[in-house]
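Student: Residue numbers (this note's numbering), protein chains in the order written: chain R, 38 to 548; chain H, 18 to 394. Beta carbons are placed, not taken as given, at the ideal position from N, Cα and C, and that holds for glycine. I am attaching a structure below and will ask some questions about it afterwards.
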Amino acid sequence: MAVAVRLALIVLLLLGPGGWGHTEPSRDSLREELVITPLPSGDVAATFQFRTRWDSELQREEVSHYRLFPKALGQLISKYSLQELHLSFTQGFWRTRYWGPPFLQAPSGAELWVWFQDTVTDVDKSWKELSNVLSGIFCASLNFIDSTNTVIPTASFKPLGLANGTDHYFLRYAVLPREVVCTENLTPWKKLLPCSSKAGLSVLLKADRLFHTSYHSQAVHIRPVCRNARCTSISWELRQTLSVVFDAFVTGQGKKDWSLFRMFSRTLTEPCPLAAESRVYVDITSSKQDNETLEVNPPPLTTYQDVILGTQKTYAVYDLLDTAVINNSRNLNLQLKWKRPPENGYIHYQPAQDRLQPHLLEMLIQLPANSVTKVSIQFERALLKWTEYTPDPNHGFYVSPSVLSALVPSIVASKPVDWEESPLFNSLFPGSDSSSYFVRLYTEPLLVNLPTPDFSMPYNVICLTCTVVAVCYGSFYNLLTRTFHIEEPSKGGLAKRLANLIRRARGVPPL
Amino acid sequence: MAANSFRPRVLTALAGLLALSFGSLADSRIEVCTSRFWFNYRHVANTLSVYRSVKRLGIPDSHIVLMLADDMACNARNPKPATVFSHKNMELNVYGDDVEVDYRSYEVTVENFLRVLTGRVPPGTPRSKRLLSDDRSNILIYMTGHGGNGFLKFQDSEEITNIELADAFEQMWQKRRYNELLFIIDTCQGASMYERFYSPNIMALASSQVGEDSLSHQPDPAIGVHLMDRYTFYVLEFLEEINPASQTNMNDLFQVCPKSLCVSTPGHRTDLFQRDPKNVLITDFFGSVRKVEITTETISLQPDLGIMESSNKEDQIDEERMEPLKYAEQLPVAQIIHQKPKLKDWHPPGGFILGLWALIIMVFFKTYGIKHMKFIF
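This is the structure:
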């Protein structure tokens, strides 16, 4: 009730100079909020929510005066007798493993689920007409929603708002995974906001930054809610949500420092004059992780702590309606910086160049006590030129062993060594520190089996080619170029006559 | 990309169509891009450039039907998301921040285009997807994509022929859906598309003659594709100098992009048009010039007290009437497990079953004679 009274007072102040002639508490209010969450992977998630609550019974009365609640959606509710409407457009996928649990996830593409009121007689017809109208409003191909991609869930998708009964006959659900989200969907979504994109948090909604993200989801949710704590009357709640995740490498150039300007290329200049509440929340729960501390600039005036999604979280709160936070002369550009203590590690990597130099990787690591540290390197096998193989390629190729040079803390303090006096086995490594000793260890060499080609193939190819050439081409060549002459048998020759003589004596026919 | 900047348009896909209709009161535009796939980026850029000029000259989105067959701005291959550039210096983002695409992706089909033109859209089509024109509207239709002699390809799967287009325009004329119509087409052999028009008051421009290819302007090394076509590039340059008060006429538009710049020969057709092209202003078709009358009367607006008072009373009535409401439980396990599946409504047997039984009975009676029928009935 106190909230309602305060709301009425604020509204009275706004309407006072208007000259209406009578004080009438307005029946709709706007709250906007932005939650900035630095994610464990170095990215940052920003979730906008614009909530318009309208204390009115849209079904019963003939409504003709719309103030903050958009007329396009109000007319939809009364014309199609909607009880709830949830429509979302999403590009990308929320990676829970890297980013943590989301506030509200949506499937990739377009999702529409609607609860109709129980006064509707032909639910399928209303559903088809509603999706056509929505496709016109949001410039999306929602008109492709028909019986082939609509289902009636029987167990889930219970109403998220107030409900009399839950006969699932009045529920319809459809998803269009092929739907693309782009500026033409964002533009009508922004136009439904009371302050459009002129003041308040919505000045940050610029398409060229919002679509350069790993995850972009915009949604419209309409549902009836309790008007007060006793819950005797209904108000209509319209929530417009937009979640984006900015990638640390694409947008942040590899650094984990974020600011409103780097994310949206805008800063906040003034609150929306139509908003009853306009706040920015920054998640500072994991302000200390991996030896880094998160610093938020300008420092928050208040913080908010609660159990969200099962874990205790702390948020820094910036109230845009508070002149200490933002006023005419000062913009609000929130900055998040991670301060880490100076690095005491070292990595040097020199990649290999084919036939010139090998890989070199050197790392200086501090190993924590009672732990196991694993270092692994991925490699790919490539084929060599056939002359570069050794005569026994199936043996494999050797990779040289790794070297581990370590300073191991000793259990017992040692005294400095005099090289001439002590035995030879104690003076291998110069020891400078009495609390640790130096040791150099080696791993085994690695024998890698590379894919070997079939070395007989060049010989096979040469043989086959030569045979084919010789037989086919050779025969053809001969046929074309060889000429045949008829030879007259010659009569004479002394040797021939002698041979004929001998043959006649033997009884063999003559030559 | 080959070193030369000329790249003939391959007959693969139709990128976009822009349909705009102009006119004194209900001017509309239709802009259609009919090509799909990333390498047809330039067709979408063509369409969006004309869309942008038209909006700049005063036509509101409600009178523009923009059809883009593929999404280039938020394509995964676009290095700068939510932008479409027309020039390789990336100075002009023709996609902008305020674009409304009415037909996109798979909705750009020949059937939908013809339905928009003739007004025979399915019931339930929202207003933004209809061509709301009457007999006093001037309409601009801009089409771009891949075409050939007598046809224009839509989305790599279907074509629209010049005869169909001419018949659609005749339907529009018969139904008095336009006053004057300007048809611009930027495809290979574009002039073949306007050869068959026979309705009055149509003026047509094309980027190339029959037998010629329309060529693209220049590639961009960062984006990796050609950004625009030559004809539309020079048309855009020409339109950037037009403001709503310009007196430039159509003859200047016919001179845009001569063969030395365009490599193809742009053509035009004015024989069906009743006015002389030199008397037709560019803003008749591309802009929207409203006639404004200034009045010196004052009208005072009274707040309507009646509505506010009645709604106040209803508010109080609400409070006393209802019992407390509650929110539904999101996952009531016990209720879900024990719910019975709904029995499907019984439908009478359909045509096939009935026909089968009729056949069986007929065969029975033919075989055994009609006298057995009395045992059945």
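Between the alpha carbons of K228(R) and V280(H), how many angstroms are there, rounded?
Tutor: On the first sequence, position 191 is the one that residue 228(R) refers to. On the second sequence, position 263 is the one that residue 280(H) refers to. Taking the straight line joining both Cα atoms gives about 44 Å.
Student: Along the chain, where does the beta strand (DSSP E) that runs through W91(R) open and close?
Tutor: Your numbering for residue 91(R) matches position 54 in the first sequence. V81 to W91 is the extent of the beta strand (DSSP E) around W91(R).
Student: Leaving aside the five residues before and after F298(R) along the sequence, list all residues of the same chain whose C-beta is less than 7 Å from its C-beta, in chain order.
Tutor: In the first sequence, the residue the question calls residue 298(R) occupies position 261. Excluding positions up to five away in sequence, the list reads T304 and N370.
Student: Does P238(H) come out as helix, strand or coil in the three-state DSSP assignment?
Tutor: Locating residue 238(H) in the second sequence gives position 221, where the first residue counts as 1. In this structure, P238(H) counts as coil in the three-state DSSP scheme.
Student: If we ignore side chains and look at the alpha-carbon of each, how far apart do T158(R) and Y206(R) end up?
Tutor: On the first sequence, position 121 is the one that residue 158(R) refers to. On the first sequence, position 169 is the one that residue 206(R) refers to. About 11 Å.
Student: Beta-carbon separation of R267(R) and D92(R) under 7 Å?
Tutor: Along the first sequence, read from residue 1 onward, the residue named residue 267(R) stands at position 230. Along the first sequence, read from residue 1 onward, the residue named residue 92(R) stands at position 55. In this structure, D92(R) does not lie closer than 7 Å to R267(R) by Cβ.
Student: Please confirm whether L331(R) and W295(R) have their CB atoms less than 7 Å apart.
Tutor: Counting from one through the first sequence, the residue named residue 331(R) turns up at place 294. Counting from one through the first sequence, the residue named residue 295(R) turns up at place 258. Going by C-beta atoms, L331(R) is not nearer than 7 Å to W295(R).
Student: Check whether the Cβ atoms of A223(H) and A239(H) lie closer than 7 Å to each other.
Tutor: Taking the second sequence and counting its residues from 1, the one referred to as residue 223(H) is at position 206. Taking the second sequence and counting its residues from 1, the one referred to as residue 239(H) is at position 222. No. Outside cutoff.
Student: With a threshold of 16 other CB atoms inside 10 Å of the CB of L119(R), please say whether the residue is buried or exposed.
Tutor: Position 82 of the first sequence holds residue 119(R). Buried, since its Cβ has 16 or more Cβ neighbours within 10 Å.
Student: Give the residues of chain R in contact with A345(H), contact being defined as C-beta atoms less than 7 Å apart.
Tutor: To locate residue 345(H), count along the second sequence from 1; it is residue 328. Simply K195, P196, A200 and T203.
Student: Report buried or exposed for Q191(H), applying the criterion of at least 16 other Cβ atoms within 10 angstroms of its Cβ.
Tutor: One-based indexing of the second sequence puts residue 191(H) at position 174. Label assigned to Q191(H): exposed.
Student: Please state whether DSSP places Q387(R) in a helix, a strand or coil.
Tutor: On the first sequence, residue 387(R) is found 350 positions in, with the first residue counted as 1. Q387(R): strand per DSSP, three-state reduction.
Student: Report the option in F214(H), R194(H), Q188(H) and R193(H) whose CA atom is closest to the CA atom of F200(H).
Tutor: Here residue 200(H) corresponds to residue number 183 of the second sequence, with the count starting at 1. Of F214(H), R194(H), Q188(H) and R193(H), the residue nearest in Cα terms is F214(H).
Student: Please report the distance separating the alpha-carbon of P366(H) from that of V380(H).
Tutor: Locating residue 366(H) in the second sequence gives position 349, where the first residue counts as 1. Locating residue 380(H) in the second sequence gives position 363, where the first residue counts as 1. Using only the alpha carbons, I get a separation of about 20 Å.
Student: Specify the secondary structure class of S272(R) as computed by DSSP and reduced to three states.
Tutor: Start at 1 with the first residue of the first sequence, and residue 272(R) comes out as number 235. If DSSP states are grouped into helix, strand and coil, S272(R) belongs with the strands.
Student: Considering Cα atoms alone, identify which of I384(R), S280(R), L538(R) and Y341(R) is closest to T322(R).
Tutor: Indexing the first sequence from 1 puts residue 322(R) at position 285. Closest option to T322(R), Cα to Cα, is Y341(R).
Student: Just verifying my parser: in three-state terms, what is the DSSP assignment at I156(H)?
Tutor: Position 139 of the second sequence holds residue 156(H). Three-state result, I156(H): strand.
Student: May I ask which residues mark the beginning and end of the beta strand (DSSP E) holding R68(R)?
Tutor: As a working mapping, residue 68(R) is identified with position 31 in the first sequence. Run containing R68(R): D65 to P75, per the beta strand (DSSP E) assignment.
Student: Straight-line CA distance for G304(H) to L357(R)?
Tutor: Position 287 of the second sequence, counting from 1, holds the residue named residue 304(H). Position 320 of the first sequence, counting from 1, holds the residue named residue 357(R). Answer to the nearest angstrom: the Cα atoms are 42 Å apart.
Student: Threshold first: 4 residues or longer. Then list the alpha helix (DSSP H) segments lying entirely within the stretch 151-229 of chain H, N to C.
Tutor: 179-191
Student: Against chain R, does I240(H) count as a neighbour if the rule is that its beta carbon must be under 7 Å from one of theirs?
Tutor: The count along the second sequence starts at 1 and reaches residue 240(H) at position 223. It does not; no Cβ of chain R falls within 7 Å.
Student: Tell me F126(R)'s beta-bridge partners as DSSP assigns them.
Tutor: As a working mapping, residue 126(R) is identified with position 89 in the first sequence. In DSSP, F126(R) forms a bridge with A147(R) and Q255(R).
Student: If you compare alpha carbons, which of N155(H), A183(H) and I316(H) is closest to F168(H)?
Tutor: Here residue 168(H) corresponds to residue number 151 of the second sequence, with the count starting at 1. Nearest of N155(H), A183(H) and I316(H) to F168(H), Cα basis: A183(H).
Student: Output the distance between the C-alpha atoms of N21(H) and F302(H), rounded to the nearest integer angstrom.
Tutor: The count along the second sequence starts at 1 and reaches residue 21(H) at position 4. The count along the second sequence starts at 1 and reaches residue 302(H) at position 285. Because the pLDDT of N21(H) is 40, which lies under 50, any placement of that residue in the model is unreliable, and the question is left without a value.
Student: Could you say which of S272(R), S493(R), I174(R) and G433(R) lies nearest to E221(R) if we only look at CA atoms?
Tutor: For this step, residue 221(R) is matched to residue 184 along the first sequence. Minimum Cα-Cα distance from E221(R) among the listed residues S272(R), S493(R), I174(R) and G433(R) corresponds to I174(R).
Student: Name the chain R residues whose beta carbon is nearer than 7 Å to that of A90(H)?
Tutor: Reading the second sequence from its first residue, position 73 is the one you call residue 90(H). By Cβ distance, chain R contributes C219 and T220.
Student: Does the Cβ-Cβ distance between S447(R) and Y479(R) come in under 7 Å?
Tutor: Residue mapping note: residue 447(R) aligns to position 410 of the first sequence, counting from 1. Residue mapping note: residue 479(R) aligns to position 442 of the first sequence, counting from 1. No. Outside cutoff.
Student: Straight-line CA distance for M400(R) to H104(H)?
Tutor: Taking the first residue of the first sequence as 1, we reach residue 400(R) at position 363. Taking the first residue of the second sequence as 1, we reach residue 104(H) at position 87. Separation of M400(R) and H104(H) (C-alpha to C-alpha, rounded to the nearest whole angstrom) is 48 Å.
Student: Between the C-alpha atoms of K391(H) and G368(H), what's the straight-line distance to the nearest angstrom?
Tutor: Position 374 of the second sequence holds residue 391(H). Position 351 of the second sequence holds residue 368(H). One C-alpha to the other measures close to 26 Å.
Student: Give the straight-line distance between the Cα atoms of R292(H) and I219(H), rounded to the nearest whole angstrom.
Tutor: In the second sequence, counting from the first residue as 1, residue 292(H) sits at position 275. In the second sequence, counting from the first residue as 1, residue 219(H) sits at position 202. R292(H) and I219(H): Cα-Cα distance of roughly 10 Å.
Student: Could you confirm whether any beta carbon from chain R is found closer than 7 Å to the beta carbon of A99(H)?
Tutor: For the purposes of this step, residue 99(H) is taken as residue 82 along the second sequence, with counting starting at 1. Among the residues facing chain R, A99(H) is included, as its CB has a counterpart in that chain under 7 Å away.
Student: What's the C-alpha gap between E337(H) and L223(R)?
Tutor: Working through the second sequence from its first residue, we reach residue 337(H) at position 320. Working through the first sequence from its first residue, we reach residue 223(R) at position 186. Summary for E337(H): the model assigns pLDDT 48, below 50, so the residue's position carries little reliability, and this model does not support an answer.
Student: Give me the residue from S464(R), L141(R), P438(R) and L420(R) with the minimum Cα distance to H258(R).
Tutor: For this step, residue 258(R) is matched to residue 221 along the first sequence. The residue with the shortest Cα to Cα distance from H258(R) is L141(R).
Student: Could you work out which residues of chain R lie near P143(H), taking near to mean beta carbons separated by less than 9 Å?
Tutor: The residue you call residue 143(H) lines up with position 126 of the second sequence. What P143(H) touches in chain R: N169, V170, L171, S172, G173, I174 and N180.
Student: So, do the stretch 438-456 of chain R and the stretch 507-520 of chain R have three or more beta carbon pairs nearer to each other than 8 Å?
Tutor: no
Student: Just tell me which of F54(H), E108(H) and V309(H) has its CA closest to the CA of S122(H).
Tutor: By 1-based counting over the second sequence, the position of residue 122(H) is 105. Looking at the Cα atoms, F54(H) is the closest of the given residues.
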